[in-house]
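> Mapping to the working numbering: the sequence shown position 268 is 621, numbers consecutive.
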Amino acid sequence: MIEDDYLYNKGGIKGFGAKLRGFFTSGRFWLRALAVIVVLALIYYPVGMLVVQNIDDNTDFTGNYQGGSHAVATAAALIDREVNQHDWTANDPFFMPGAALDNMPNYQTGIIYALSRFAIEMSDQIGRARGSSQVDSDLDNAAGALKFRGDKWVFDPSISLLPGVSSEQQYRQAISALLRYNERLAAGNAVFERRADNLQETLGRIANDLGSASALIDNKVAHPSIFDTTADDVFYATKGRLYTYSLILRDLGTDFENILNERQVSQIWAEMVASLQAAAKLDPLVVINGSADGIILPNHLAGLGFYLLRARTQMNEIISILQR
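#1: Among the residues of its own chain, which have a CB less than 7 Å from the CB of Pro637, if the five just before and after it don't count?
#2: Are the CB atoms of Arg548 and Gly463 nearer to each other than 8 Å?
#3: Could you check where the alpha helix (DSSP H) with Met625 kicks off and where it finishes?
#4: On the DSSP letters alone, give me the boundaries of the alpha helix (DSSP H) that Glu610 sits inside.
#5: Compute the distance between the beta-carbons of Gln657 and Phe580, then report whether it is under 8 Å.
#6: Quick one: grab the DSSP three-state call for Asp509.
#7: Does DSSP classify Ser486 as helix, strand or coil?
#8: Okay, do the stretch 395-415 and the stretch 442-454 touch, 3+ Cβ pairs below 8 Å being the bar?
#9: Which residues mark the beginning and the end of the alpha helix (DSSP H) in which Ala430 is found?
#10: Report the residue from Ala495, Ile408 and Tyr397 whose alpha carbon sits nearest the alpha carbon of Lys634.
#11: I'd like to know if the stretch 499-517 and the stretch 533-547 are in contact, where contact means that at least 3 CB-CB pairs between them fall below 8 Å.
#12: To which residues does DSSP link Ser578 through a beta bridge?
#13: If we call anything under 8 Å between Cβ atoms a contact, is Asn444 one with Lys505?
#14: Among the residues of its own chain, which have a CB less than 8 Å from the CB of Arg665, if the five just before and after it don't count?
#15: Whose C-alpha, out of Val626, Gly647, Gln620 and Ile612, is nearest the C-alpha of Arg677?
#16: Going by CA-CA distance only, name the one from Asn642, Asn551 and Ser599 that's closest to Leu661.
#17: Quick test of your reading: Val436 and Glu521, contact by CB under 8 Å. State the CB separation rounded to the nearest angstrom.
#18: Taking C-alpha atoms, which residue in Leu531, Ala388 and Ala575 lies nearest to Asp646?
#19: Hey, out of Arg525, Gln487 and Asp585, whose CA is closest to Phe501's CA?
#20: Locate the alpha helix (DSSP H) running through Tyr660, then write down its first and last residues.
#21: Work out the CA separation of Asp550 and Trp441 for me, nearest whole Å.
#22: Quick check on DSSP: helix, strand or coil for Gln553?
#23: Please state the DSSP three-state secondary structure of Ala539.
#24: Which class does Ala589 belong to by DSSP, given the choice of helix, strand or coil?
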């Protein structure tokens with residue numbers, strides 16, 4: 354009797370195993386598995402994109418100023434916000450929902466581009482006593498780190514199968530370098546030359562950068578198309594750049610307050626910052642590269658370009674006054 358039960362159970366186990374193998378090797382199983390994967394992907398990416406998406410254009414944003422430079426404090430805080438508080442999406446791999454985003458990566462890249470320009474100006478102009486003096490090592494390191502490409506993930510098979518340095522790691526180094534500089538500046542161990550010629554040169558470089566940005570917009574506006582799939586890339590990269598300049602120039606106005614008051618340009622400086630803020634606040638539901646005089650399908654790039662050129666004109670006016 355026991356032997357019969359053993360053979361029965363053994364046969365039952367074998368039969369169940371055969372059925373299980375048959376189930377997993379059947380075409381129906383793989384079709385069902387594929388359907389489940391597709392359904393999960395259709396839920397994962399849209400929901401994940403909604404959670405991750407955060408185009409933060411808060412023009413009241415400011416750094417934790419504890420002495421030194423207001424603009425440098427804000428620059429460090431802005432990098433920290435985009436890299437550590439928000440998700441840095443420009444280098445998200447395919448299995449992360451941020452990889453399916455388009456506007457936020459361009460916006461964040463525009464922010465870092467403008468901060469890179471600011472760090473270069475700090476290193477070359479404001480953070481040096483004279484052109485022949487030594488470059489501040491922290492400012493130099495920050496400028497170098499911010500030049501790093503924004504789409505570099507920790508793994509890059511085209512370079513190496515081993516993990517490498519990611520964009521976030523480089524930008525975190527820039528945060529540390531800027532904070533070290535500001536700490537030394539607050540202690541009187543770093544240079545911040547509050548001279549009119551330094552401010553003039555810095556503003557001139559930013560105005561030139563906006564000129565290159567306006568050329569990209571002009572190229573788009575000159576070839577309107579409601580099916581332009583790259584118009585939003587240009588829009589949000591430029592918006593990020595203008596947003597950053599609105600914060601940095603606002604706080605440089607505080608750092609150079611005595612110079613602005615002395616040259617009587619405080620009012621036009623505030624108007625310039627307001628123009629940049631107006632550009633940064635533009636937030637169309639869908640970016641359309643339509644006709645410049647379109648009513649139903651307008652050209653959002655043209656609107657952005659208007660505020661950009663207005664701010665650039667005001668910059669050039671300030672530069673002209675500072676040169677006197």
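Here a beta-carbon is modelled for each residue, glycine too, at the ideal position from N, C-alpha and C.
Let's see:
#1: Closer than 7 Å at Cβ, skipping near neighbours: His653.
#2: Judged by their CB atoms, Arg548 and Gly463 are not nearer to each other than the 8 Å cut-off.
#3: Residues Ser619 to Lys634.
#4: For Glu610, the uninterrupted alpha helix (DSSP H) segment begins and ends at Glu610 to Glu615.
#5: The identity of residue 657 in the sequence shown is Leu, whereas the question assumes Gln. With contacts defined as CB atoms closer than 8 Å, Leu657 and Phe580 fail to qualify as a contacting pair.
#6: It is a strand residue.
#7: Ser486: coil per DSSP, three-state reduction.
#8: Touching, per the Cβ criterion.
#9: Judged by DSSP secondary structure, Ala430 falls within the alpha helix (DSSP H) whose first and last residues are His423 to Asp433.
#10: Per the Cα distances, Ile408.
#11: Under the Cβ criterion (8 Å, minimum of three pairs), the stretch 499-517 does not count as touching the stretch 533-547.
#12: According to DSSP, which records beta bridges pairwise, Ser578 is partnered with Asn642.
#13: Cβ distance < 8 Å, so Asn444 and Lys505 count as in contact.
#14: Correct list, in chain order: Ala560, Leu563, Gly564 and Ser567.
#15: When Val626, Gly647, Gln620 and Ile612 are compared, the shortest CA-CA separation from Arg677 is found for Ile612.
#16: Between Leu661 and the set Asn642, Asn551 and Ser599, the nearest pair of CA atoms involves Ser599.
#17: Rounded, the Cβ-Cβ distance is 5 Å, consistent with contact.
#18: The residue with the shortest Cα to Cα distance from Asp646 is Ala575.
#19: Of the listed residues, the one whose Cα sits closest to Phe501 is Arg525.
#20: Looking at the DSSP string, the run of the alpha helix (DSSP H) that includes Tyr660 is His653 to Leu675.
#21: Straight-line measurement puts the Cα of Asp550 at about 36 Å from the Cα of Trp441.
#22: Note: Gln553 maps to helix in three-state DSSP.
#23: In the displayed model, Ala539 falls within a helix according to three-state DSSP.
#24: Inspection of the sequence shows that residue 589 is occupied by Tyr rather than by Ala. Looking at Tyr589 - three-state DSSP - the assignment turns out to be helix.
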